[in-house]
Amino acid sequence: MIAPPGAGKGTQGTVIAEHFDIPHIATGDLLRDHVARRTEVGQAVQGYLDRGELVPDEVVLQMVRAALEPLQGGAGWVLDGVPRTMQQARALYEIAVEMDMTADVALHLQVEDAELVRRLLARARQTGRSDDTEDVIRHRLALYYDVTHPILEWYGERGILVSVDANRPADAVGRQILTALEVLRQVVDRGPDAERRAVDLTSLGAAFGRPSGQS
Ligand code: ADP
47 MIAPPGAGKG TQGTVIAEHF DIPHIATGDL LRDHVARRTE VGQAVQGYLD
97 RGELVPDEVV LQMVRAALEP LQGGAGWVLD GVPRTMQQAR ALYEIAVEMD
147 MTADVALHLQ VEDAELVRRL LARARQTGRS DDTEDVIRHR LALYYDVTHP
197 ILEWYGERGI LVSVDANRPA DAVGRQILTA LEVLRQVVDR GPDAERRAVD
247 LTSLGAAFGR PSGQS
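Sequential numbering of the sequence shown, starting at 47, is according to our numbering.
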C-alpha cells in the first residue's frame with residue numbers, strides 16, 4: 047500500500063488482511079511497538095518518528111525481511127508503510143526475489159491534502175500520537191510527495207498499480223478495494239505472464255457508494 051499519512055492505510059490494510067485471511071505488516075506499527083517496549087531499535091528510531099522523518103533503510107528493511115521470512119510459501123501478505131522511497135522499493139524487490147515472493151498489487155489510496163490534514167489533526171486529539179502535531183503532519187505530507195509518491199510511477203509501469211479514491215468513508219473505500227482485489231485475483235491466478243495494466247478507480251466514487259449530493 048502506498049498512500050500519504052492519514053489516507054487510511056492502517057484501516058484498509060486490516061480490511062484486506064481479514065478478507066483474504068493474510069497477515070498485515072505495518073512498519074509504523076512495528077516501529078511504534080519497538081519504541082513502546084524501549085528496545086534498542088526503539089531507542090534508535092524514536093527521534094525519527096517524533097520528527098516525522100524516515101528511519102534509516104537498514105532498520106526498516108531488516109524488520110520487513112524478518113516479518114516476511116516466516117510467510118514464504120504462504121497465502122500472501124499486506125505490506126503497509128513500505129516502500130517509502132525508490133531505494134526501499136528496489137531493495138524490497140530484491141528481498142522478495144530472494145524469498146521467491148512478488149507483489150501482485152500496489153494499492154494507492156488517493157486523498158486530498160485538506161482531508162488528510164483534517165483526519166490527522168482529529169487523530170491527534172484522540173490518540174496523542176507523538177507525530178500528529180500540525181508542523182510534523184505538514185512535514186510528513188511534504189516528505190510523502192517528495193520521496194514516496196514518485197514510486198507510484200514505477201508500479202504503474204509494472205502494471206500492478208491500483209488507485210482508489212480514499213476521500214470517502216472508510217467502509218465505502220473498503221468495498222471498492224475488495225472489489226478491485228477480487229477481480230485482480232483472477233488475473234494474478236492466471237500466472238506471472240498474464241498481461242497486466244494499471245487500474246485507476248479514483249473517478250469511480252459514485253459507483254461505490256459516494257452519498258448523493260457529494261462530489
Ligand atoms: P503515516 O503514514 O501516518 O506517517 P506510519 O505509521 O506508516 O504513519 O509511519 C509512521 C512513521 O514511522 C513515519 O513517519 C516514519 O518515521 C516511520 N516509518 C514507517 N515506515 C517507514 C519506512 N518504510 N521507512 C522509513 N521510515 C518509516
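For each residue, glycine too, the CB sits at the ideal point set by N, CA and C.
In whole angstroms, give me the CA-to-CA distance for W123 and T173. 27 Å
Member of M109, A218, R243 and A135 whose CA lies at the smallest distance from the CA of H195: A135
Answer with buried or exposed for K55, where buried requires no fewer than 16 other C-beta atoms within 10 angstroms of its C-beta. buried
For S261, which three-state DSSP category applies? Caution is warranted here: a pLDDT of 45 is assigned to S261, below 50, making its placement in the model unreliable, and no coordinate value can be reported.
Could you tell me which of E64, F66 and G59 sits nearest to D75, measuring between CA atoms? Here the closest residue by C-alpha is G59.
I48 by DSSP, collapsed to three states: which one? In this structure, I48 counts as strand in the three-state DSSP scheme.
Where L224 and T179 are concerned, what is the direct C-alpha to C-alpha distance, given to the nearest angstrom? 32 Å
If you check the beta carbons only, do D96 and S176 fall under 8 Å apart? Yes, Cβ-Cβ distance for D96 and S176 is below 8 Å.
Identify which residue in A152, I206, G98 and Q133 has its Cα closest to the Cα of A240. I206
Taking the alpha-carbon positions, what's the I68 to V61 distance? 10 Å
Is the separation between the beta-carbon of G52 and that of V157 shorter than 8 Å? Cβ distance < 8 Å, so G52 and V157 count as in contact.
Would you mind stating whether R130 and L162 have Cβ atoms separated by less than 8 Å? no
Using 10 angstroms around the beta-carbon of A160, count the other beta-carbons present and answer buried if the total reaches 16, otherwise exposed. exposed
Am I right that Q222 and V233 are in contact with their C-beta atoms under 8 Å? What's the rounded C-beta distance? About 17 Å; that fails the 8 Å criterion.
DSSP puts S209 in a beta bridge; with which residues? H154 and D246.
Are there any heavy atoms of ligand 1 lying less than 7 Å away from the beta-carbon of Y201, as far as the coordinates show? no
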